[in-house]
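Peer 1: Just so you know, the sequences run in chain order W and D.
Counted from 1, the first sequence has number 132 at position 132 by the numbering used here; the numbering is strictly sequential.
All you need for the numbering used here is the position in the second sequence, starting with 1, plus 232.
Ideal Cβ placement from N, Cα and C applies to all residues, glycine included.
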Amino acid sequence: MWEQVSQALDQSFTRVMTRIASLLPGFLALLVALLVSSLIAWAIGFVLRRSLRSLDFDRKVAGWGLLGFRGETDRSPTDWTVRIVSWSIVFVGFLVGVTAFEATLTSLLVSQLFAYLPNLVAAVVVLLVGGAAARFFSRSVLIGAVNLNVQYAHLLSIGMKWLILVLTGAMALNHLEIGGKIVDEAFAILFGGIVLTLALAVGLGARDLVSRSLERQAGRMPEETTETFRHF
Amino acid sequence: MPETESLPQQVKEQIESIGRADVVIGLPSFRTREDLSWASADGFVGLNVLIAYPSSGEVLEAGAFPSEHLVRYPISAPERYLSGPTGVYGTFQEILQIGQRVESKACCVWNSNPQGASMEIIEQMLRPVLDQGFDLVFPIYKEAKLGALVNSSIICPMTRALYGKQIHFPMAIDLGFSSSLVDRLLETDPRTRQPRSAQWIATEAICTGLPVCQVGLPMDTPRPPDSTDLSSILTIILGRLFADLERNTSYWQRSSGSELVPTFGTPGIREDDAIAPAELQRMIETFQLGYRNLAEIWGVALTPATLVGLKRLTNLAVSQFRMADDLWVRVVYDFALAHRQRAINREHLLRAMTPLYLAWVASYALEMKDASITDFQNRLERLALAYESQKPYLLSRWRWPDRFNP
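1. Against chain W, with Cβ distances strictly below 8 Å, would D:N525 count as a contact?
2. Residues in its own chain within less than 8 Å of W:R70 by CB, not counting five upstream and five downstream?
3. I want to verify the contact list: residues of chain W whose CB lies under 9 Å from the CB of D:T453, in sequence order.
4. Using the three-state DSSP reduction, which class does D:T606 fall into: helix, strand or coil?
5. Would you say W:S76 reaches chain D, if we count a Cβ-Cβ gap shorter than 8 Å as a contact?
6. Against chain D, which members of the region 131-159 of chain W pass a CB distance test of less than 9 Å?
7. For W:L196, which of helix, strand or coil comes out of DSSP?
8. Do D:M403 and D:A437 have their C-beta atoms within less than 8 Å of each other?
9. How many angstroms separate the CA atom of W:V124 from the CA atom of W:T168?
10. Per DSSP, D:S344 is paired with what?
11. Could you say if the region 480-495 of chain D and the region 442-452 of chain D meet the contact criterion of at least three C-beta pairs nearer than 8 Å?
12. Helix, strand or coil, according to DSSP, for D:N415 in the structure here?
13. Can you check whether the C-beta of D:T518 is within less than 8 Å of a C-beta belonging to chain W?
14. Classify D:R502 as helix, strand or coil using the three-state DSSP reduction.
15. Skipping 5 residues on each side, what residues in its chain have a beta carbon closer than 7 Å to that of D:V550?
16. Considering only the beta carbon of each residue, do D:A568 and D:I529 sit closer than 8 Å?
17. At which residues does the beta strand (DSSP E) containing D:D406 begin and terminate?
18. Helix or strand or just coil, what does DSSP make of D:E491?
19. Against chain D, with Cβ distances strictly below 8 Å, would W:G53 count as a contact?
20. So is W:Y116 buried or exposed if we call it buried at 16+ other beta carbons inside 10 Å?
21. Going by the DSSP bridge assignment, what does D:P371 pair with across the sheet?
22. Starting from W:R53, follow its DSSP beta bridges and name the residues at the other end.
23. Just reading off the beta strand (DSSP E) that D:P286 is part of, what are its end residues?
24. Tell me whether the beta-carbon of D:R359 lies closer than 8 Å to the beta-carbon of D:F474.
25. Considering only residues of the same chain and omitting the five flanking positions on each side of D:T546, which have a CB-CB separation below 6 Å?
26. Should D:D267 go down as buried or exposed, given a rule of 16 or more other Cβ atoms within 10 Å for buried?
27. Relative to the C-alpha of W:F191, which residue among W:I182, W:G180 and W:V166 is closest?
28. Scan the region 580-592 of chain D for residues whose Cβ lies nearer than 7 Å to a Cβ of chain W and list them as they occur along the chain.
29. Here's the rule: buried if 16 or more other CB atoms are within 10 angstroms of the residue's CB, otherwise exposed. What is D:D557?
30. Got a sec? Which residues, its chain only, sit under 7 Å from W:L200 by beta carbon, not counting five neighbours each side?
31. Could you name the residues of chain W that D:R514 contacts, counting a contact when the two beta carbons are closer than 9 Å?
32. Since I believe D:Y625 is in contact with D:R574 (beta carbons under 8 Å), could you give me their beta-carbon distance rounded to a whole number of angstroms?
33. Would DSSP call W:P260 helix, strand or coil?
34. Taking 8 Å as the cut-off, does the region 72-88 of chain W touch the region 34-54 of chain W (at least 3 CB pairs, one atom from each stretch)?
35. Just mark D:S464 as buried or exposed, buried being the case when its beta carbon has 16 or more other beta carbons within 10 Å.
36. Taking 8 Å as the threshold (C-beta atoms), are D:M390 and D:Y596 in contact?
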């Protein structure tokens, strides 16, 4: 009986080892694919970084008003671009390596991933554009409100920033097909909440200002003009 | 004929039928007949005068001025000097083209309200061109302690320090031109591919080495026509001033000191109203609010030493609120540098300068509260000298923006 047990153990050991041995080329292929894609990513990243620096990309992006202030992030637009491109290449290498394991199983996975890729790209683009727009418009609101001597300028600016960010987040999640109706409803509640908060804050804080402005527009009150200072 | 010709065929035919005219007076802001009630054949004895007015206004009938010497022309909107959404502009292009077509010796473009002009004033503006060979004539409007503050605080002293000419109103939109300057302004600038008249005419003439002069006029500084939004107009004017620094770098980096510009006539003096303390308070509050909220944007443009100076200002009581000339000049120069470097969006940058400008105005108004007109002139002279003495600072930071950052 011990012979039979020993034989069964031998066979199972052999089967496991054979299975492991059959997986080894796949592992090796995955490692090689990752290594090669990392090397390509590094080389392309190096060239891209130098090209973007020679084009003064960081300053141009700053000039478009799409960046935050110094200290808000420790990475420059060049760093971000290089990182995104490099990691995309490594990811493609990973997919190539995974395909080497089991052609039928992994090809299904890869085809599903590729079908999902446009959604992912669209969501990333929406997030990037939304983030930049949030920064640009919140800064515009902040400067405009300060110039009008509005004491709650910072609050207005933050409100504008979060309005755009919430809208952007909801749009990105929609593209990713995550959450379904919950996202729409959560967005409606959050967006409405921010608008209501701002309306209350501005309405209560600037009741007199708004009523004076409305009265002036209705022609009931003369415009407050002064000739003391002539700037032009 | 110039490459930028924009006159319609009908106007060209009318000009051909007129033939030649010695003097062309252009009134782009003309709207109603009352605007030209002062026109008469009495001025400019012995010279043919042609008046050009835009077709957007009323049609003039024969009156004191001969109707055959009146030309209506359509204004092309893009050709606006100091163009901007708020209506701070001057329109030169068509009038200069008419002046060139009739081979005029002198041409006056009166962009501000025509009701403020008269035949005598226009003749005063053009006599230096006709009799003494000047190419460009600037007006000097009535002096007032609290008038034309953007000009007094930035444009006039900065132009003087950088371009070396003491011109009172370098950005005036009422100007007198010689025929040679008209020809030059109608050429297309090879660098910008735009007509030169759309650029800043004062620096164009100075950098070309053309003789310029100024004439004292008995009238207030014209106001911007459509808007009173200080921030928007400041953005347009400073944007043009700073953009011009980039265009003329090679000229202003070589020039040093400044010289008087020949001046004819004496400008009047406008009495200021009493300063309302509430207005001063509001300006200082705007500055303090700006320091609390815009310090990050200012930090992009200003050096740490300048920021420390501004921080000290925020702690001062209203009665002691004074901004030193050197501090103000560094603020202006730092913003000019940040504008050049495109450190952040240019419109954001220039709009963020408004609270700083208001701080200067408040400080200046407090200082000038009981000052005489002589004190006021001396005060502006001191400011202009501060701009000149700080020019090496601008020069160093312009050449080595990263290395020289005190």
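Peer 2: In short, the structure shows the following:
1. yes
2. For W:R70, the pLDDT reaches just 47, beneath the cut-off of 50, and the residue's location in the model is therefore unreliable, although a value from the coordinates is still provided. Once the five neighbours on either side are set aside, W:R70 has no close Cβ partner at all.
3. R230 and F232
4. helix
5. no
6. F136, R139, S140, L142, I143, G144, A145, V146, N147, L148, N149, V150, Q151, A153, H154 and S157
7. helix
8. no
9. 10 Å
10. D:S344 pairs with nothing; no bridge assigned.
11. yes
12. The amino acid at residue 415 of chain D is misidentified as Asn; the sequence shows Asp. Three-state DSSP puts D:D415 in a helix.
13. yes
14. coil
15. L512, Q513 and I516
16. no
17. D406 to S410
18. strand
19. The displayed chain sequence assigns Arg, not Gly, to residue 53 of chain W. Not closer than 8 Å to any Cβ of chain D, the Cβ of W:R53 fails to qualify, so no.
20. exposed
21. D:V447
22. W:R53 is not bridged to any residue.
23. V281 to P286
24. no
25. Q520 and Y523
26. buried
27. W:V166
28. H580, R583, A584, T586 and P587
29. buried
30. none
31. N149
32. With a Cβ gap of about 21 Å, D:R574 and D:Y625 do not count as contacting.
33. This structure gives no information on residue 260 of chain W, because the portion of chain W shown stretches from 1 to 232.
34. yes
35. buried
36. no
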